[in-house]
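Reviewing the structure listed below.
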Amino acid sequence: DLADLERIELGPAAVPDTASGQLEWVGQDNHDLTQVGNAPGGNGIQDLHLRASALAPKALKQIVVICKFPKQLRAWRLDTSLSPHWRVGITRSELSPQADLYLEPPADDCFGMKFDVAFTYDDGTTSKSTVVASTHTSDQTKTDRGPQKDQAAAPQAGSTAASGPAEILLHDQGRLQAEIIALNPQSMVLRPGWKAEVEVPILQVKGVWFANQAAAGVRAEFDKQLAAPVA
Numbered sequence: 044d045l046a047d048l049e050r051i052e053l054g055p056a057a058v059p060d061t062a063s064g065q066l067e068w069v070g071q072d073n074h075d076l077t078q079v080g081n082a083p084g085g086n087g088i089q090d091l092h093l094r095a096s097a098l099a100p101k102a103l104k105q106i107v108v109i110c111k112f113p114k115q116l117r118a119w120r121l122d123t124s125l126s127p128h129w130r131v132g133i134t135r136s137e138l139s140p141q142a143d144l145y146l147e148p149p150a151d152d153c154f155g156m157k158f159d160v161a162f163t164y165d166d167g168t169t170s171k172s173t174v175v176a177s178t179h180t181s182d183q184t185k186t187d188r189g190p191q192k193d194q195a196a197a198p199q200a201g202s203t204a205a206s207g208p209a210e211i212l213l214h215d216q217g218r219l220q221a222e223i224i225a226l227n228p229q230s231m232v233l234r235p236g237w238k239a240e241v242e243v244p245i246l247q248v249k250g251v252w253f254a255n256q257a258a259a260g261v262r263a264e265f266d267k268q269l270a271a272p273v274a
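Residue 44 is where the sequence shown starts when you use the numbering used here, and the numbers rise one by one after that.
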């Protein structure tokens, strides 16, 4: 009887998972943002491309991708701190419900394999998605631009999430809105909406702005530093 109940103790409330998102397999489509291991940057090999949708309008703290091959389990992570797993590359416009994920291909052909993806947001909530690879893959498929030595990863917002598309500010006061396909010490390869790809010399670039996860006032400080850069 509730009248005889002297005390009720409640433990910590579990953080509910958000609704499962959707995941699309794109395959190897000439992107190169990742490499073997957790080092940033590409290696001239076409990444595996997955497209996530129905994401919550929140910043992402972690993404874990798992694929169980016949002889091994392969894992990729957005934040690879204290982990031997390979890095996940991501482009996401601000807090868009859609994000493109890029994975360095394993030696095994991924055709027919299931990829389980878990998203963790900055408030601790999670969502999960699954997709089956519908095309054949190879860890020897090079990008059309060929291997690019010392290629850097797309700039990251905070310490765990790379962002895109980006706003590219040029020294001649020009501006470009584009997805960063690849970076190296000499140039960046961009994909604007009006052209398949364009290569811009690094010396022409004054700054790159990613709005994802930007706190209030950050853009104003960014513009201030561009106007009066520190020598």
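The C-beta atom is built at its ideal place from N, Cα and C for all residues, glycine as well.
Contacts around residue i, its chain only, beta-carbon distance under 6 Å, and the 5 residues preceding and following it disregarded
i: residue 106; result: 121, 131 and 162
i: residue 154; result: 176 and 179
i: residue 159; result: 109 and 173
i: residue 79; result: 147
Proximity of residue i and residue j at Cβ, strictly below 8 Å
i: residue 76; j: residue 85; result: yes
i: residue 151; j: residue 112; result: yes
i: residue 212; j: residue 223; result: no
i: residue 89; j: residue 185; result: yes
i: residue 251; j: residue 209; result: yes
i: residue 127; j: residue 71; result: no
Exposure of residue i, with buried meaning 16 or more beta-carbon neighbours within 10 Å
i: residue 221; result: buried
i: residue 215; result: exposed
i: residue 173; result: exposed
i: residue 170; result: buried
i: residue 267; result: exposed
i: residue 117; result: buried
i: residue 125; result: exposed
i: residue 143; result: buried
i: residue 104; result: buried
i: residue 226; result: buried
i: residue 133; result: buried
Opposing strand residues paired with residue i [DSSP bridges]
i: residue 132; result: 145
i: residue 211; result: 219 and 251
i: residue 159; result: 109 and 173
i: residue 118; result: 109
i: residue 235; result: 221
i: residue 185; result: 88
i: residue 269; result: Paired residues: none, contrary to the question.
i: residue 103; result: 164
N-terminal and C-terminal residue of the beta strand (DSSP E) that residue i is part of
i: residue 228; result: Careful: residue 228 lies outside any beta strand (DSSP E) and carries neither H nor E.
i: residue 95; result: 91 to 96
i: residue 65; result: 65 to 70
i: residue 242; result: 241 to 244
Residues near residue i by beta carbon distance below 8 Å, same chain, minus five either side
i: residue 141; result: 94, 95, 96, 98 and 135
i: residue 242; result: 230, 231, 232 and 233
i: residue 123; result: 81, 129 and 130
i: residue 101; result: 138, 164, 165, 166 and 168
i: residue 65; result: 95, 96, 97 and 172
i: residue 183; result: 88
Neighbourhood of residue i by C-beta distance below 7 Å, restricted to the same chain and skipping five residues each side
i: residue 139; result: none
i: residue 235; result: 219, 220, 221 and 241
i: residue 73; result: 89, 186 and 187
i: residue 264; result: none
i: residue 69; result: 92, 93 and 94
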